[in-house]
Amino acid sequence: MAAVQRALGGSQLPAALHQPEFRGAEWTYVKDCLDTGWVSSVGAYVDRFERELERASGVRHAVAASTGTAALHVCMLLAGVGRGDEVLVPALTFVATANAVSYTGAVPHFVEAEDRTLGVDPAALELHLQAVARVEDGVCRNRETGAVIRALVVTHVLGLPCDLDALAALADRWSLVLVEDAAEALGSHLGGVHVGGRGRLSALSFNGNKIVTTGGGGAILTNDPALAVRAKHLTTTAKQPHAWAFDHD
Numbered sequence: 000m001a002a003v004q005r006a007l008g009g010s011q012l013p014a015a016l017h018q019p020e021f022r023g024a025e026w027t028y029v030k031d032c033l034d035t036g037w038v039s040s041v042g043a044y045v046d047r048f049e050r051e052l053e054r055a056s057g058v059r060h061a062v063a064a065s066t067g068t069a070a071l072h073v074c075m076l077l078a079g080v081g082r083g084d085e086v087l088v089p090a091l092t093f094v095a096t097a098n099a100v101s102y103t104g105a106v107p108h109f110v111e112a113e114d115r116t117l118g119v120d121p122a123a124l125e126l127h128l129q130a131v132a133r134v135e136d137g138v139c140r141n142r143e144t145g146a147v148i149r150a151l152v153v154t155h156v157l158g159l160p161c162d163l164d165a166l167a168a169l170a171d172r173w174s175l176v177l178v179e180d181a182a183e184a185l186g187s188h189l190g191g192v193h194v195g196g197r198g199r200l201s202a203l204s205f206n207g208n209k210i211v212t213t214g215g216g217g218a219i220l221t222n223d224p225a226l227a228v229r230a231k232h233l234t235t236t237a238k239q240p241h242a243w244a245f246d247h248d
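In numbering that gives the first Met the number 0, the protein residues as written are 0 to 248.
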């Protein structure tokens, strides 16, 4: 919070969080893309973008999505989140984080944020889980609702990395799938390592207010090749291979 206050400089006026800039070869690339006819979810530029994201983040696999919210939704599906589950979500985040959980039929279970990183407070979450949860046969359950607590989503608010070391250890102790909402964190590093690779899955956003924008758009990051293959399948309409039939799983 101190860093945010310093950046604002004590101003009482509304502070713009973003201002998109286009000062490179964007017009040339957009025209080239239009000329190819590949203007949707696949094409040479999508492939190149995914490879560049892998290089920039240091994560093995990047899969493009239509939006950051869609990327988060796919992360939930790949994490095994389903109807009736609960997912731990930071109280300080954008609505898309909770929406992605709700899209699966699961319930967002909000947890405290800390003022040091603006992310999930590891100490407060540990105490909360000790009070309301138990782990049985490798599954975390809410003692009050009986629901499976399937995953922990952590958000890097305004690109500021949360306490990933503590939160990753906590997720392991409580048998939770760790998902990073890195929507605002492209280019953010913690201990010299780009965020997005500690969780089993991570989501990036390329909306107009992000570090890099594609107008809309998002991406899933993972070091698991099987999850990457499944993510690509889900983000490209989940069609089964066939010469003429349209079967989607």
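Backbone N, C-alpha and C define an ideal beta-carbon position, used for all residues, glycine too.
Between the stretch 193-200 and the stretch 151-167, do at least 3 Cβ pairs fall closer than 8 Å?
yes
With 16 other CB atoms within 10 Å as the buried threshold, where does V138 fall?
exposed
What's the gap between the Cα of T116 and the Cα of A244?
50 Å
What did DSSP end up calling L117 once you bin it into helix, strand or coil?
coil
Are T92 and G217 close, meaning C-beta to C-beta below 8 Å?
Cβ distance not < 8 Å, so T92 and G217 don't count as in contact.
Any idea if T221 is buried or exposed, counting beta-carbon neighbours within 10 angstroms, 16 or more meaning buried?
buried
Three-state secondary structure assigned by DSSP to L155:
Residue 155 is actually His in this sequence, not Leu. H155: coil per DSSP, three-state reduction.
Kindly indicate which three-state DSSP category V138 falls into: helix, strand or coil?
strand
Find the nearest neighbour of H17 within the set T234, V228, A242, K209, judged by alpha-carbon distance.
Of the residues T234, V228, A242, K209, the one whose Cα lies closest to the Cα of H17 is K209.
Classify V94 as helix, strand or coil using the three-state DSSP reduction.
V94: helix per DSSP, three-state reduction.
On the three-pair Cβ rule with 8 Å, is the stretch 110-126 touching the stretch 55-65?
no
Considering only residues of the same chain and omitting the five flanking positions on each side of S201, which have a CB-CB separation below 6 Å?
E179, A181, G195, L220
Which residue marks the beginning of the alpha helix (DSSP H) containing E53, and which one marks its end?
From DSSP, the alpha helix (DSSP H) with E53 extends over 43-56.
Rounded to the nearest angstrom, how far is the Cβ of T68 from that of T154, given a contact under 8 Å?
Actually they do not touch by this definition, with Cβ atoms about 13 Å apart.
So, is H108 buried or exposed, given that buried needs 16 or more other C-beta atoms within 10 angstroms?
H108 comes out buried.
With a floor of 4 residues, list each alpha helix (DSSP H) that falls wholly inside the stretch 154-193, ordered by position along the chain.
Those alpha helix (DSSP H) runs which fall completely within the stretch 154-193 and span 4+ residues are 163-172.
Ignore the nearest five residues each way along the sequence and tell me which others in A105's own chain have a CB closer than 8 Å to its CB.
M75, V80, G81, R82, G83, D84, E85, V86, R149
If you draw a straight line from the alpha carbon of P240 to that of V228, how long is it in whole angstroms?
14 Å
Contact set for V88: own chain, Cβ-Cβ below 8 Å, skip 5 residues either direction
Cβ neighbours of V88 beyond the five flanking positions: T96, A97, V100, P107, H108, F109, V110, V152.
Do E49 and V62 have their CB atoms nearer than 8 Å?
yes
Helix, strand or coil at V38 according to DSSP, with G and I counted as helix
coil
Restricting to Cα atoms, I'd like to know which of A242, K231, A112 is closest to L77.
K231
At 4 residues or longer, what runs of the alpha helix (DSSP H) sit wholly inside the stretch 189-229?
Whole alpha helix (DSSP H) segments, 4+ residues: zero.
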